[in-house]
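Reviewing the structure listed below.
There are 2 protein chains.
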Amino acid sequence: MYFCFVNSNTEENYLKAIFLLTDGVSEVQPKELSESLGVKMPTINSMMKRLLEKGLVEHTSYRPISLTKSGKKMAALIIRKHRLTEMFLVEKMEFGWEEVHEIAEQVEHIKSPIFFEKMNEMLGSPKQDPHGSSIPDLNGNIDNVNYPKLSDCEKNAELRLVAVNNSSEDFLKFLNARKISLGLRMKVLSVESFDGNMTILFNEKREEVLSKIVCDRLLVTQLNPSK
Amino acid sequence: MYFCFVNSNTEENYLKAIFLLTDGVSEVQPKELSESLGVKMPTINSMMKRLLEKGLVEHTSYRPISLTKSGKKMAALIIRKHRLTEMFLVEKMEFGWEEVHEIAEQVEHIKSPIFFEKMNEMLGSPKQDPHGSSIPDLNGNIDNVNYPKLSDCEKNAELRLVAVNNSSEDFLKFLNARKISLGLRMKVLSVESFDGNMTILFNEKREEVLSKIVCDRLLVTQLNPSK
DNA sequence: GTATAAACTTAGATGTATCTAACAAATAAG
DNA sequence: CTTATTTGTTAGATACATCTAAGTTTATAC
Ligand SMILES: [Mn+2]
Ligand SMILES: [Mn+2]
Ligand SMILES: [Mn+2]
Ligand SMILES: [Mn+2]
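The structure is reproduced here in structure tokens:
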């Protein structure tokens with residue numbers, strides 16, 4: 040049934056990184072992958088050679104890298120485990136959303152399908168993780184909703200924060216300190232064209248200036264413009 | 040504070056195996072360790088060389104192996120994580136006691152003190168794991184209660200099952216099928232001297248014959264002989 | 001007490017995951 | 001178009017975790 044050839048944790052991390060850098064569809068430059076994983080270029084080369092032999096990636100010399108169908112599925116299933124873990128840590132173990140990414144980075148490699156399906160069950164099959172990213176299903180299919188960045192919105196836009204782009208502890212602590220969490224209502228009061236700073240009204244009450252760097256990492260939906 | 044030189048999962052498994060084979064106090068033969076870990080003898084040699092350099096084991100050529108003080112502490116802390124995990128899986132995630140050992144074998148290597156201390160808190164600082172083994176404290180101290188085996192008990196002994204010697208899935212499923220679980224009352228009705236088979240009365244109702252192999256793996260306490 | 005067996009060690013090989021140094025191709029600049 | 005610069009590849013080295021084959025030491029048997 041399960042045709043069990045298993046990949047190492049390292050291989051899993053490569054597949055995941057490629058998936059995230061390509062959105063599961065496009066290609067990624069070796070350079071970009073090397074920076075994302077924090078390894079030197081030749082390391083990418085030797086790993087691509089292995090993943091190529093296993094039929095998980097496509098790569099010809101001097102060309103960008105992409106996942107094969109089976110590579111894509113494997114990557115999505117690892118991401119499923121990562122995001123279920125994050126949700127479990129937040130919902131069932133009372134961790135803050137800023138604490139869970141590092142732990143999930145390790146837990147995602149546990150070899151035990153039932154362990155993650157138990158989490159899924161206890162959580163009631165959640166569709167998003169604590170950072171608003173979609174959780175792939177058991178077949179490796181993932182909703183590819185592409186939320187706009189706050190920084191791409193215009194003056195007077197009425198928005199709701201639905202996800203963050205980045206789960207680093209520092210960034211999320213920054214948001215915590217300003218009581219910015221998923222679901223928050225926002226209105227763009229002004230955009231400074233010089234540096235991209237935005238003045239935002241939160242929940243129709245609180246006003247705050249956010250830098251371009253921060254606005255790039257906040258993903259939003261438009262609130263229905265009727266009314 | 041934490042002087043963070045970290046060991047690989049493999050090194051952690053060796054430390055744990057030595058601890059369990061020596062009860063944290065005595066010595067173990069390389070042969071025995073090699074069989075316990077399922078690796079060949081030279082593998083033990085090269086790992087002992089590394090652990091020796093790290094100051095975690097003591098070993099001179101052709102002599103048995105023991106843990107140093109710091110090796111002992113590290114081993115105990117890994118065992119703490121293993122057993123807390125097993126308890127968490129049973130108590131908070133509704134796994135059966137026969138399912139948890141393999142998962143804990145992987146989870147024990149997660150690098151995140153807070154992850155395990157959260158489990159500990161949620162569980163109310165349990166003193167035993169689901170198989171009745173003691174959970175070491177945060178300083179690596181462990182209650183070394185040495186329960187007798189059922190197979191060492193005599194006819195008419197009145198006992199309570201407090202732990203099992205072995206957490207293999209097969210053995211625990213065998214016990215499940217016979218509704219044998221921790222806390223169960225037992226009375227030794229007879230011992231067959233030829234093969235060590237014992238006839239046991241459970242909960243003053245149910246009678247069952249258990250083989251020597253099984254009785255060797257059941258750890259008991261004497262019920263107070265008064266009354 | 002020597003011979004045989006068992007346990008242990010050393011040497012050398014393999015595969016994974018990484019690196020540096022040196023070279024090659026593609027891209028950008030002038 | 002030729003020259004830098006950036007990007008990518010190859011070759012060779014190192015550390016970890018394991019093995020097999022070949023010796024050594026210790027223990028057991030006669
Ligand atoms: Mn994450
Ligand atoms: Mn990971
Ligand atoms: Mn266990
Ligand atoms: Mn383990």
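These protein sequences, in sequence, are chains A and B.
For what it's worth, my numbering labels the leading residue of the first sequence as 40, then goes sequentially.
For what it's worth, my numbering labels the leading residue of the second sequence as 40, then goes sequentially.
Here a beta-carbon is modelled for each residue, glycine too, at the ideal position from N, C-alpha and C.
From a predicted model like this one, the values you see are computed outputs, not experimental measurements.
Query	Result
Applying a beta-carbon distance threshold of less than 8 Å, which residues of chain A neighbour residue 157 (chain B)?	132, 133, 134
Going by the DSSP bridge assignment, what does residue 260 (chain A) pair with across the sheet?	A:199
Who are the near neighbours of residue 127 (chain A) in its chain, counting only those whose CB is closer than 8 Å to its CB and skipping five residues on each side?	158, 161, 162
Roughly how many angstroms separate the alpha carbons of residue 248 (chain B) and residue 235 (chain B), rounded to a whole number?	10 Å
Within a Cβ cutoff of 8 Å, which residues of the same chain sit near residue 205 (chain A), ignoring the five residues on either side of it in sequence?	256
In this structure, does DSSP put residue 248 (chain A) in helix, strand or coil?	strand
According to DSSP, is residue 174 (chain A) helix, strand or coil?	coil
Could you tell me if the beta carbon of residue 206 (chain A) falls within a distance shorter than 7 Å of some heavy atom in ligand 1?	yes
Just verifying my parser: in three-state terms, what is the DSSP assignment at residue 145 (chain A)?	helix
Within its chain, find whatever has a CB closer than 8 Å to the CB of residue 150 (chain B); leave out the 5 residues flanking it on each side and keep chain order.	45
Quick one: give me the first and last residue of the alpha helix (DSSP H) that residue 155 (chain B) is part of.	152 to 161
In whole angstroms, what separates the C-alpha of residue 129 (chain A) from that of residue 164 (chain B)?	21 Å
When you compare the CB positions of residue 179 (chain A) and residue 116 (chain A), do they come within less than 8 Å of one another, or not?	yes
If you draw a straight line from the alpha carbon of residue 199 (chain B) to that of residue 144 (chain A), how long is it in whole angstroms?	43 Å
Against chain B, with Cβ distances strictly below 8 Å, would residue 154 (chain A) count as a contact?	yes
Got a sec: is the Cβ-Cβ distance from residue 145 (chain A) to anything in chain B below 8 Å?	yes
Here's a check: name, in chain order, each residue in its chain whose Cβ is nearer than 8 Å to the Cβ of residue 86 (chain A), leaving out the five neighbours to either side.	49, 50, 53
Identify which residue in A:93, A:213, A:97 has its Cα closest to the Cα of residue 69 (chain A).	A:97
Just grab the DSSP bridge partners of residue 224 (chain B) for me.	B:199
What do you get for residue 246 (chain B), buried or exposed, if any count of 16 or more other CB atoms within 10 angstroms of its CB means buried?	exposed
Please report how far the alpha carbon of residue 63 (chain B) lies from the alpha carbon of residue 173 (chain A), in whole angstroms.	46 Å
Look up residue 229 (chain B) in the DSSP assignment and give the residues it is bridged to.	B:238
Mark residue 193 (chain B) as exposed unless 16 or more other C-beta atoms lie within 10 angstroms of its C-beta, in which case mark it buried.	exposed
Is the Cβ of residue 117 (chain B) closer than 8 Å to any Cβ of chain A?	no
For residue 51 (chain B), would you say it is in contact with chain A, using Cβ-to-Cβ distances shorter than 8 Å as the test?	no
Would residue 151 (chain B) pass as an interface residue toward chain A - the criterion being a Cβ-Cβ separation below 8 Å?	yes
Using the DSSP secondary-structure output, state which residues sit across from residue 106 (chain B) in a beta bridge.	B:96
Confirm the yes/no value for this check: CB of residue 148 (chain B), any heavy atom of ligand 4, distance under 7 Å.	yes
How close, in whole Å, do the beta carbons of residue 186 (chain A) and residue 106 (chain A) come, if the pair is a contact with beta carbons under 8 Å?	Their Cβ separation, rounded to whole angstroms, is 23 Å, which puts residue 186 (chain A) and residue 106 (chain A) out of contact at 8 Å.
Which parts of the segment 52 to 80 of chain B are runs of the alpha helix (DSSP H), unbroken and 4 residues or longer, counting only runs that do not cross its ends?	69 to 76
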